[in-house]
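Residue 1 is where the sequence shown starts when you use this note's numbering, and the numbers rise one by one after that. Built from N, CA and C at the ideal position, the CB exists for glycine as well.
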Amino acid sequence: SMAVDSRSNCRIGPKGSFEELEYGMLREMGALAKKTPVVTIVESFALEQGMALDEGLLCSQVPADIICTAERTLTVRKPLRTMKGIDWEKLGQRRLGSMRLLRLLKAAKAAAKLS
1 SMAVDSRSNC RIGPKGSFEE LEYGMLREMG ALAKKTPVVT IVESFALEQG MALDEGLLCS
61 QVPADIICTA ERTLTVRKPL RTMKGIDWEK LGQRRLGSMR LLRLLKAAKA AAKLS
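Below you can see the structure in the form of structure tokens.
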């Protein structure tokens, strides 16, 4: 993460990064359970409280459960809800077309709905 809001455990990063997509793919494949903790490492100066976001940053849909800095480790008491898998509605055709694994996962999901 670029930064973490320690009040909300929101991981802050640039728009268009792959963190959410990677997490979503692992959830879709069944490789991550809902209870699998998300750990992030940030510099102490990147641990903020009540961080304001600008147009180039967004709050990840994969909030941190454990936040580590060089000086300390914070365990979030009340984690935010995390995504269940890939948000196929928000996934752009360009990204879908450029990643074979995404196309395979989408096809498998469609086939499972038919059976």
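Distance between arginine 77 and isoleucine 66, taken at the CA atoms: about 9 Å.
For leucine 114, there are no CB contacts under 8 Å within the same chain when 5 residues up- and downstream are skipped.
Under the Cβ criterion (8 Å, minimum of three pairs), the segment 32-47 does not count as touching the segment 90-102.
In the displayed model, arginine 77 falls within coil according to three-state DSSP, outside both helix and strand. The secondary-structure analysis by DSSP pairs valine 38 with nothing; it has no beta-bridge partner.
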